[in-house]
Amino acid sequence: MTPTKPAMPLRGLRVYAWVLLLCVIASLCGAAAAQTTTITLEQALQLALTNNPLIKAARTQIDQNKAQEVTAGLRPNPLLSWDSQFVPFFNPSLFSNNTLDTLQQFDIGAGYLIERGGKRLRRQDAARDQTHVTVAQIADMERALRFNVAQQFINVLLAESNLAFALQDLKSFEQTVRINEDRFQGGDISKGDFLKIKVQLLQFQTDVNSARLAKAQALTSLRQLLGYDAVPRNYDVEGVLEYRPLKSGIDDLQALALQQRPDLRAAQLGVTAAQSQVALAKANGKQDLNVSFNYSHVSAASTGSMFFNIPLAIFNRNQGEIARTRFAQTQAEFTSKAAGETVLSDVRNAFESVLSSEEIVNLYHSGYLKESQDSRDIAEFAYRQGAVALLDFLDAERTYRATQLAYRQALANYLLSLEQLRQATGVRQIP
């Protein structure tokens with residue numbers, strides 16, 4: 000009688016269960032990996048500020064300036080001196096037990112440079128003020144980066160909207176082609192009219208391909224600003240082209256910009272930094288004092304000596320550098336004034352651009368969108384009933400398509416003008 004082996008089927012069942020579990024896990028991981036990462040505009044801005052290599056490189060200038068602050072605060076090193084004289088290296092016979100007391104001489108001294116005029120404090124002030132200017136300049140670079148990211152983000156939204164419309168229009172026109180093919184087969188229209196409609200389908204297919212290419216290129220440009228490794232290859236954006244009215248007035252926006260614009264703040268801090276340079280130049284005009292103490296051993300006698308020296312400021316009082324820094328201060332003051340005027344002009348131009356773009360969008364909302372669609376629908380219905388010619392129907396279709404694309408471009412221009420206004424004011428949230 001052959002004994003049974005129940006353990007083998009059980010072991011095979013366990014192996015099968017483990018294989019099935021691994022397949023399920025792999026399938027879930029594959030599905031998770033296949034999901035597309037979507038980001039909003041605010042997420043895109045944060046990713047760019049965190050990962051953009053150019054802005055990261057620029058921020059190192061702040062650390063460099065802080066290192067210069069450390070250098071500016073360093074005090075002079077003390078000086079240690081030593082000498083031994085009259086050592087009979089070339090007359091060994093003169094060496095004896097009392098040579099050090101009868102023949103040789105040695106000196107040991109220590110000295111220190113005393114900076115006058117508050118040079119160290121003035122250096123620290125100048126370095127610290129330059130750091131403040133650099134911080135404001137980096138903030139202005141971040142302002143420009145935010146605008147570029149928002150601009151590319153809007154380009155992606157526009158391409159995505161155009162692609163959705165192109166697909167919808169293609170689907171609608173394909174249905175029209177199928178209906179007219181049935182009419183042609185039934186003898187309701189001529190072969191020439193049917194071929195004209197079928198050839199027109201090429202334009203709709205081309206629009207779809209162009210929209211897909213535009214979206215792919217816009218996503219690539221946006222990814223470069225975000226940092227190439229900040230998002231996966233198959234990422235997408237989340238948002239829509241929509242009209243959001245502006246509520247703030249020009250006076251409030253200009254006042255806000257004068258408070259928030261980092262380039263204006265950098266120019267204003269540049270005046271303070273220039274003043275610090277003037278103070279440092281004046282301090283450098285003060286002459287420093289060298290003091291030292293020497294211990295001397297000569298002929299068995301030990302003595303001490305004290306020395307000091309200071310240059311006489313007769314010819315060089317650093318007057319050239321003082322004059323230069325004063326002119327630099329004047330230059331900084333004019334630059335600050337010009338920056339303020341530039342801020343006011345930027346806000347005014349951006350505000351007018353918003354108003355102009357808003358007016359165009361409102362024109363479409365006033366009825367042109369609906370009228371173009373109604374015209375297309377009426378022409379299509381009339382053509383199917385044989386009331387209008389084929390060319391009239393195709394012309395109405397082209398007008399509807401052109402109106403829809405122009406409306407989406409107008410929305411994108413309006414959103415872009417809002418971003419220009421945000422850049423001009425220096426804030427993300429316009430009250």
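Under numbering that gives the first Met the number 0, read the sequence shown as residues 0 to 430, first letter to last. In this text, a Cβ means the ideal position worked out from N, Cα and C, and glycines have one as well.
Suppose only complete runs of 4+ residues qualify. What are the alpha helix (DSSP H) ranges in the segment 322-407, listed by chain order?
The segment 322-407 contains these whole alpha helix (DSSP H) runs: 368-383.
Where I498 falls: helix, strand or coil (DSSP):
Residue 498 is absent from the structure shown; the chain starts at 0 and stops at 430.
At a cut of 8 Å, does the segment 283-297 reach the segment 216-235 through at least three beta carbon pairs?
no
Have a look at the DSSP bridge pairing and note the partners of Q223.
Partner(s): none; Q223 has no beta bridge.
Same chain, Cβ closer than 6 Å to P5, neighbours up to 5 away in sequence not counted:
Because the pLDDT at P5 is just 46, under 50, the model does not fix this residue reliably, and the point stays unresolved.
Where do the N-terminal and C-terminal ends of the beta strand (DSSP E) with A300 fall, by residue?
A300 to N308
Assigned exposure category for A337 - 16 Cβ within 10 Å defines buried
exposed
For I196 and L393, the rounded distance between their alpha carbons
8 Å
Neighbourhood of I61 by C-beta distance below 8 Å, restricted to the same chain and skipping five residues each side
T130, T133, V134 and I137
If you count every other CB in all the chains shown that lies within 10 Å of the CB of R407, and 16 or more means buried, which is it?
buried
DSSP on V426, reduced to helix/strand/coil?
coil
Leaving out five residues before and five after Q104 in sequence, what residues of the same chain have Cβ atoms less than 6 Å from its Cβ?
The answer, listed in chain order, is Q84, F85 and V297.
Please specify which runs of the beta strand (DSSP E), each continuous and at least 3 residues long, are wholly inside the segment 53-89, giving them in chain order.
Counting only unbroken stretches of 3 or more residues, the beta strand (DSSP E) elements lying wholly within the segment 53-89 are 78-84, in sequence order.
Taking buried to mean at least 16 other C-beta atoms within 10 Å of its own C-beta, is I188 buried or exposed?
buried
Just reading off the alpha helix (DSSP H) that D139 is part of, what are its end residues?
K118 to G185
From L221 to A43, what distance separates their C-alpha atoms?
Distance between the alpha carbons of L221 and A43 is about 9 Å.
Assign D235 to one of three DSSP states: helix, strand, or coil.
DSSP places D235 within a strand segment (E or B) once states are collapsed to three.
Would you tell me roughly how many angstroms separate the C-alpha atoms of V239 and R211, rounded to the nearest one?
When rounded, the distance between both Cα atoms is 17 Å.
Using alpha carbons as the reference points, say which of P310, A272 and A282 lies closest to L288.
P310
Rounded to a whole number of angstroms, what is the C-alpha to C-alpha distance between R145 and P261?
13 Å
Can you name the start and end residues of the beta strand (DSSP E) that D106 belongs to?
For D106, the uninterrupted beta strand (DSSP E) run begins and ends at Q104 to I113, by DSSP.
Residues near R325 by beta carbon distance below 8 Å, same chain, minus five either side:
If we look at R325 and ignore the five residues flanking it on each side, its Cβ neighbours are V277.
Since V290 sits in a beta bridge, which residues does DSSP pair it with?
Y111 and F307
Based on Cα-Cα distance, which residue from M140, S301 and S160 lies nearest to D100?
Of the candidates M140, S301 and S160, the one whose C-alpha sits nearest the C-alpha of D100 is S301.
Distance check for R232 and A30, CA to CA, integer angstroms please.
Interpretation of A30 is limited by its pLDDT of 44, a score under 50 that renders its predicted location unreliable; the figure taken from the coordinates is listed afterwards. Between A30 and R232, the C-alpha separation is close to 16 Å.
Mind checking whether L200 and E159 have CB atoms under 8 Å apart?
no
Alpha-carbon to alpha-carbon, S304 and P77:
17 Å
Under the three-state reduction of DSSP, which class applies to S295: helix, strand or coil?
Correct three-state label for S295: strand.
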